[in-house]
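Undergrad:
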Amino acid sequence: MKPIERISMYLQFRNISPHSFERKIKLSNGYYAKQLRNKGSVGSDILIKIHEHYSELNMLWVLTGEGNMIDESRANSIMQAEEFTFKYEVENIKLQNLQEDVAQLNTALKDKEKIISLYEFMLNQPSVSTITQQPSPNSL
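In this text, residue positions in the sequence shown follow the numbering used here: the first is 393, and each later residue adds one.
1) Would L449 be called buried (16 or more neighbouring beta carbons within 10 Å of its own) or exposed?
2) With DSSP collapsed to three states, give me the class of I462.
3) So which of S400, H445, H443, S509 has the shortest CA-CA distance to Y424?
4) If you draw a straight line from the C-alpha of K504 to the C-alpha of V494, how long is it?
5) With DSSP collapsed to three states, give me the class of L419.
6) Given that a residue counts as buried once 16 or more other Cβ atoms are within 10 Å of its Cβ, and exposed if not, what is I485?
7) Spatial neighbours of K431 within its chain, please: CB distance less than 8 Å, with the 5 preceding and 5 following residues excluded, ordered by chain position.
8) Within the continuous alpha helix (DSSP H) that includes V454, where are the two ends?
9) One question on the structure: do I408 and H445 come within less than 8 Å of each other, judged by their Cβ atoms?
10) Nearest to S447 by CA position, among T456, E458, M471, I507, is which residue?
11) If you draw a straight line from the C-alpha of G422 to the C-alpha of E414, how long is it?
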């Protein structure tokens, strides 16, 4: 079995489409399918890209078929990193929601402060009836 066939096994195992695989490691469209169809060889530059993007894939297995497909130590590290990233994203969304709530509450508080100021202003103004009841300076 050739390395390209083992790569195909890995992609099927992880349910990764050939198109997304090519896009992720920056291969031209159809390159992977052509290599697989012709049972072509995989160059070292492409193997390096695969290793960079799919680090859980055991490269010794890809090249020789020896060992396990998945490098368990790397797979565990990747799972921990993905779990951390997921938790971070969830907490970040919660934080953004709280920030939006604070902004809305601050706006409501400012509006209420304006209303209170307006009421205080109206309370401190002399009423129209007291103005009309005051004697005029000519009547004295």
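All C-beta atoms in this analysis are idealised placements derived from N, C-alpha and C, irrespective of residue type, glycine included.
Keep in mind it's a predicted model, so treat the numbers as computed, not measured.
TA: In this structure, then:
1) On the sequence shown, residue 449 is found 57 positions in, with the first residue counted as 1. Note on L449: 16 or more other CB atoms within 10 angstroms of its CB, so buried under the neighbour-count rule.
2) Translated into positions along the sequence shown, residue 462 becomes position 70. In this structure, I462 counts as strand in the three-state DSSP scheme.
3) If you number the sequence shown from 1, residue 424 lands on position 32. Of the listed residues, the one whose Cα sits closest to Y424 is S400.
4) In the sequence shown, counting from the first residue as 1, residue 504 sits at position 112. In the sequence shown, counting from the first residue as 1, residue 494 sits at position 102. If you draw a straight line from the Cα of K504 to the Cα of V494, it is about 15 Å long.
5) Taking the first residue of the sequence shown as 1, we reach residue 419 at position 27. The answer is coil: DSSP assigns L419 none of H, G, I, E or B.
6) Here the question's residue 485 lines up with position 93 in the sequence shown. I485 should be labelled exposed.
7) The residue you call residue 431 lines up with position 39 of the sequence shown. Non-local C-beta neighbours of K431 in its own chain, meaning closer than 8 Å and more than five positions away in sequence, comprise K394, I396, E397, ordered along the chain.
8) Start at 1 with the first residue of the sequence shown, and residue 454 comes out as number 62. Under the DSSP assignment, V454 falls in the alpha helix (DSSP H) whose first and last residues are 451–456.
9) As a first step, residue 408 must be located in the sequence shown, where it is residue number 16. As a first step, residue 445 must be located in the sequence shown, where it is residue number 53. Result no, Cβ atoms of I408 and H445 do not sit closer than 8 Å.
10) Taking the first residue of the sequence shown as position 1, residue 447 is located at position 55. Out of T456, E458, M471, I507, the CA that lies nearest to the CA of S447 is found in M471.
11) For the purposes of this step, residue 422 is taken as residue 30 along the sequence shown, with counting starting at 1. For the purposes of this step, residue 414 is taken as residue 22 along the sequence shown, with counting starting at 1. Our two residues, G422 and E414, have alpha carbons roughly 8 Å apart in a direct line.
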